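Colleague: So the mapping is simple: the numbering used here equals the position in the sequence shown, first residue as 1, plus 194. Pasting in a structure now, in structure tokens, and then I'll have a few things to ask.
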Amino acid sequence: MQALVISTTRRYAEIATPEHGIMLAKHAVGNLDLVVGDLVSVSVHQGEYIIDSILKRENEFKRSFENRTKLLSSNLSLLIVLTQPLPHTNLSFIDRVLCQATTENIPVCLILNKCDITDSLPQTIELLSYYGPIGEER
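Below you can see the structure in the form of structure tokens.
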């Protein structure tokens with residue numbers, strides 16, 4: 195059976211299937227690098243769900259620091275980046291996320307939050323216009 199990983203710890207993962215809903219499954223081997231979004235092959239042994247393998251990933255969203263890379267999620271169909279108006283807009287974070295998403299061909303939606311409680315909306319929109327058109331919905 196195939197399932198979608200919706201949360202994971204070192205040894206267990208919550209998986210979901212349309213037929214069985216959400217279930218707790220154990221990793222067959224301790225070194226499976228499971229992340230949210232993985233599609234996995236699952237079997238049942240003595241009434242316990244066992245994750246046997248990870249199926250091919252369409253994309254991987256990672257975070258890199260120095261010489262280390264941490265896989266955060268996989269098989270993303272859309273990445274939503276939520277930011278806030280100046281002076282709290284973190285352009286460095288937005289740049290890093292957009293670079294990683296572009297590398298993996300993950301579509302991105304940039305959302306500006308807290309527009310109603312700022313005096314710096316025009317400046318923020320001008321600053322963020324570098325990333326593409328920003329629409330305003332009321």
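Every residue, glycine too, gets a C-beta built ideally from N, C-alpha and C. This structure is a prediction, so every number in the text was calculated from the model and none was measured.
Anyone know if the C-beta pair for Ala219 and Ile209 falls short of 8 Å?
Modeller: yes
Colleague: If Ile245 and Leu228 are in contact, beta carbons under 8 Å, what's the gap, nearest whole angstrom?
Modeller: 7 Å
Colleague: Tell me, to the nearest whole angstrom, how far the beta carbon of Ser258 is from that of Gly231; I am working on the premise that it is less than 8 Å.
Modeller: Actually they are not in contact, since the Cβ atoms of Ser258 and Gly231 sit about 18 Å apart, beyond 8 Å.
Colleague: Could you check the C-alpha separation between Arg251 and Val302 for me, to the nearest Å?
Modeller: 18 Å
Colleague: How big is the Cα-Cα spacing for Glu331 and Thr312?
Modeller: Any reading at Glu331 must be qualified, since the residue scores a pLDDT of 40, below 50, and its modelled position is unreliable; the value itself is stated next. Straight-line Cα distance between these residues: approximately 16 Å.
Colleague: What are the boundary residues of the beta strand (DSSP E) that includes Glu254?
Modeller: Glu254 to Phe259
Colleague: DSSP on Val199, reduced to helix/strand/coil?
Modeller: strand
Colleague: If you check the beta carbons only, do Gln294 and Lys264 fall under 8 Å apart?
Modeller: no
Colleague: Smallest Cα separation from Leu165: which of Ser323, Ile288 and Glu242?
Modeller: Nothing in the structure corresponds to residue 165, since the chain is present only between 195 and 332.
Colleague: Alpha carbon to alpha carbon, how far is Val291 from Glu254? Give it in angstroms, no decimals.
Modeller: 12 Å
Colleague: Pull up the DSSP beta-bridge partners for His221, would you.
Modeller: Answer by DSSP bridge pairing, in chain order: Ile245.
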